[in-house]
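K.L.:
Per UniProt numbering, the sequence shown runs over residues 1 to 550.
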Amino acid sequence: MLQTRPGIFNPILCGARLLQQWAVDMYVKIESCRLRWYRKNQTQIRADLYKGVVDAITSGETRASAVGVRIVLPGTYPGGDRDMKKRHMDAMAIVHTYGKPDIFLTMTCNPKWEEITNELLPGQTAQDRPDIVARVFYGKLEAMKDMLFKKHILGVVVAYVYVVEFQKRGLPHAHFLLIMDSKYKLIVPEQYDRLISAELPDKHKYPELYAMVVKHMMHGPCGALNPKNVCMQENRCKCRYPRPFNENTSQGKDSYPIYRRRDDGRRAKVRGKMLDNRWVVPYNPYLLRMFNCHINVEVCSSIKAIKYLYKYIYKGHDKASFSIDHPDADGNIDEIKRYVDARWITPPEAMWRIFGFPLCANYPPVLQLPLHLPNMHRVAFNAQADLKNVVASENNSKSMLTEYFKANQEHPRARHILYKDFPGSFTWQKKKKFWKPRVERFQIGRIVSANPAEGDRYYLRVLLNHVTGKTSFDDLLTMDGVLCGSFREAAERLGLIEADNTLDNCLTEAEQWAMPCSLRRLFATILVHCEPGDVRGLWDRHLDPMSDDY
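(1) Among Tyr286, Phe422, Arg194 and Asp102, which has the Cα closest to the Cα of Phe176?
(2) Helix or strand or just coil, what does DSSP make of Leu371?
(3) Locate the alpha helix (DSSP H) running through Leu522, then write down its first and last residues.
(4) Starting from the C-beta of His542, find all residues in its chain whose C-beta is less than 6 Å away, skip the five residues before and the five after it, and write them out in chain order.
(5) Classify Phe442 as buried or exposed, calling it buried when 16 or more other Cβ atoms lie within 10 Å of its own Cβ.
(6) Looking at C-alpha atoms only, which residue of Tyr184, Gly424 and Asn118 is the closest neighbour of residue 563?
(7) Judging by CA-CA distance, which residue of Leu483, Leu538 and Met107 is the nearest neighbour of Met217?
(8) Check each candidate in Arg260, Asp181, Ile313 and Phe245 and name the one with the smallest Cα separation from Gln251.
(9) Tell me the residue span of the beta strand (DSSP E) that contains Leu178.
(10) Please report the residue range of the alpha helix (DSSP H) in which Glu115 lies.
(11) Go to Ala268, then tell me how far its alpha helix (DSSP H) extends in each direction, as first and last residue.
(12) Spatial neighbours of Glu403 within its chain, please: CB distance less than 7 Å, with the 5 preceding and 5 following residues excluded, ordered by chain position.
(13) Counting Cβ pairs, one atom from each stretch, are 3 or more of them under 8 Å apart for the stretch 71 to 86 and the stretch 256 to 272?
(14) Rounded to the nearest angstrom, how far is the Cβ of Asn408 from that of Gly481, given a contact under 8 Å?
(15) Would you mind reading off the limits of the alpha helix (DSSP H) that contains Arg457?
(16) If distances are taken between C-alpha atoms only, which option among Asp504, Ile417 and Asn451 comes closest to His466?
(17) Assign Ala198 to one of three DSSP states: helix, strand, or coil.
(18) Alpha carbon to alpha carbon, what distance is there between Met1 and Trp22?
(19) Here's a check: name, in chain order, each residue in its chain whose Cβ is nearer than 7 Å to the Cβ of Met479, leaving out the five neighbours to either side.
(20) Going straight from the alpha carbon of Val213 to that of Lys185, what length do you get?
(21) Count the CB pairs spanning the stretch 440 to 457 and the stretch 513 to 528 that are closer than 8 Å, and state whether there are at least three.
(22) Quick check on Val53: does DSSP put it in helix, strand or coil?
(23) Secondary structure at Cys14, three-state DSSP: helix, strand or coil?
(24) Using only the alpha-carbon positions, how far apart do Leu476 and Leu464 sit?
(25) Assign Gly7 to buried or exposed, taking buried as 16 or more other Cβ atoms, counted over all protein chains shown, within 10 Å of its Cβ.
(26) Taking DSSP's pairing of strands, which residues face Cys360 in a bridge?
(27) For the candidate residues Leu460, Pro221, His219 and Glu115, whose alpha-carbon lies nearest to that of Leu496?
(28) Hey, Gly170 and Gln127: beta-carbon distance below 8 Å or not?
(29) Check whether the stretch 111 to 121 touches the stretch 334 to 348, taking contact to mean three or more Cβ pairs, one atom from each stretch, closer than 8 Å.
(30) Under 8 Å between the Cβ atoms of Ile179 and Val157?
(31) Going by beta carbon distance, what residues of the same chain come within less than 6 Å of Tyr210, once the five residues before and after it are set aside?
(32) Could you give the DSSP three-state label for Leu154: helix, strand or coil?
(33) Decide if Leu371 is buried, meaning its Cβ has at least 16 other Cβ atoms within 10 Å, or exposed.
This is the structure in structure tokens:
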């Protein structure tokens, strides 16, 4: 339907705005079908704690439909709140393993690319053919990935994440965060200048590059030259242009570097105004020349609060959803309705999703490791199933954590690996539920978070982050031949809870991914439930991350 075939007239591709509307309508139909399945199967597909199923049988209940909790919009749905939060935390797990990202790159679609204009019918613009825009940008994105990850244009990349977004005017763009190999780390300003320029090139020596910089990499004009530009907020440019002239690149203080912008007399006419180096958006000359589109390249290793960068690329659409009605008596939130009410879809995004192109990716892959007390793991089952059969199923008694204990029994080399590091050496076999020694590739593990208010589950996490070689929950509870009554007692016997060290570590770990408001709530939870000895010391050590938004 969306293909151009020789000798066959396709009215859909000639519809201009009608094609745009058709694309959005078709994707909304597809999305509605998927969301409808989630809604209708809320009562059919249940998940409950394994112990909850056992307790139900003990009380005489055998109908699966009588137990369970609803999962409204699961994290497997691309673009949902759970999905975006999971991806953000996966990205921070990569940072925890490899360190801060070194390069932040943004690539924006150019509607004047020859690959787009050559395929347009007479009288058409790129806006009239969102199908071509989506396909060409996907091809360019794959070419960019090839340049970065195989040809190593900027150096060897050991880890990365990227996200594709769509502007309100429709054009797609991609954000990349790159973590470089230690040999290619950008440490001093002289190294920045080898990869990044924030100046107009010599017009006579590099005429093509000069034309591309003027067309794609000049900000504004804004400020006094154009007070009504879209970047203006409270009479100031939110992007802080024009930047001051600078003879040499210097290291930023907890921020982006201050790039070299010499007052060399080079100027260019942009939208009727003469602009100089102060208005140039940082770029890599080779990539700009290769792709002929807006490609902003920035060194970001000097940024202190790196979690904000990752939060920015996983923010999703601008959204707002509110209602004026009576609150649900049970306090339930309809996540599907909230998602549908708040999101918006442009024609290129509709086409992108219809074609099945990926919206984001990361490397290495991250495996989320469940954390649960004995017999408290989640079990999925059909609402029509007999609960006795659910419990009798051997697979339902297994989880990643219980099989981690079993792997410690069967594999001597497993006994020296922490639970969080296990995916780096073993592969989880999802269907048969067991850990198999890894033979290729690498994967990062991420234990799901636990709050100190959760008691034993939190201290179980503390133990798993420090103890290796345990073969069961009871073995984990056994210290010096004595079976402890709780995981907290076991952690105390092992010396993991001394003064406020555990609480300090809890806040330090949360600082890697949690926003200030979440950190403040966590601090309040610690005060209420954990009775820290040195409250002032804890406050002073974590005040800056908790107050970043003030």
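Just so you know, even glycine gets a beta-carbon here, dropped at the ideal spot from N, CA and C.
P.N.:
Inspection of the coordinates gives the following:
(1) It is Asp102 whose Cα lies nearest to the Cα of Phe176.
(2) Under the three-state reduction of DSSP output, Leu371 falls in the coil class, being neither helix nor strand.
(3) Run containing Leu522: Pro516 to His529, per the alpha helix (DSSP H) assignment.
(4) Cβ neighbours of His542 beyond the five flanking positions: Leu507.
(5) Exposed is the call here.
(6) Outside the shown range of the chain (1 to 550) lies residue 563, about which nothing can therefore be said.
(7) Minimum Cα-Cα distance from Met217 among the listed residues Leu483, Leu538 and Met107 corresponds to Met107.
(8) Ranking Arg260, Asp181, Ile313 and Phe245 by Cα distance to Gln251 puts Arg260 first.
(9) Leu178 -> beta strand (DSSP E) spans Pro172 to Met180.
(10) Its alpha helix (DSSP H) spans residues Glu114 to Thr117.
(11) Where Ala268 is concerned, there is no enclosing alpha helix (DSSP H), although the beta strand (DSSP E) it sits in stretches over Ala268 to Val270.
(12) Within the same chain, Lys433, Phe434 and Trp435 come within 7 Å of Glu403 by CB-CB distance, once the 5 residues on both sides are set aside.
(13) Verdict: no, contact absent.
(14) That belief does not hold up - the Cβ atoms of Asn408 and Gly481 are roughly 19 Å apart, past 8 Å.
(15) For Arg457, the uninterrupted alpha helix (DSSP H) run begins and ends at Asp456 to Leu464, by DSSP.
(16) Of Asp504, Ile417 and Asn451, the residue nearest in Cα terms is Ile417.
(17) Here Ala198 carries a coil assignment [DSSP, helix/strand/coil].
(18) Each residue's Cα considered, the two are about 12 Å apart.
(19) If we look at Met479 and ignore the five residues flanking it on each side, its Cβ neighbours are Ala490, Arg493 and Leu494.
(20) Note on geometry: alpha-carbon atoms of Val213 and Lys185 lie some 26 Å from one another.
(21) Touching, yes, given that three or more Cβ pairs across the two stretches are closer than 8 Å.
(22) In this prediction, Val53 has a pLDDT of 49, which is less than 50 and means its spatial position is unreliable; nothing more can be read from the coordinates.
(23) Under the three-state reduction of DSSP, Cys14 is assigned to helix.
(24) Here the alpha carbons of Leu464 and Leu476 stand approximately 9 Å from one another.
(25) In this structure Gly7 is exposed. Its beta-carbon is surrounded by fewer than 16 other beta-carbon atoms within 10 angstroms.
(26) The secondary-structure analysis by DSSP pairs Cys360 across a beta bridge with Val163.
(27) Ranking Leu460, Pro221, His219 and Glu115 by CA distance to the CA of Leu496 puts Leu460 first.
(28) Going by C-beta atoms, Gly170 is nearer than 8 Å to Gln127.
(29) The answer is no - the stretch 334 to 348 does not touch the stretch 111 to 121, with fewer than three Cβ pairs under 8 Å.
(30) Going by C-beta atoms, Ile179 is nearer than 8 Å to Val157.
(31) Pro201 and Lys203, listed in sequence order.
(32) Three-state DSSP puts Leu154 in coil, outside helix and strand.
(33) Classification of Leu371: buried, given that the 10 Å Cβ count is 16 or more.
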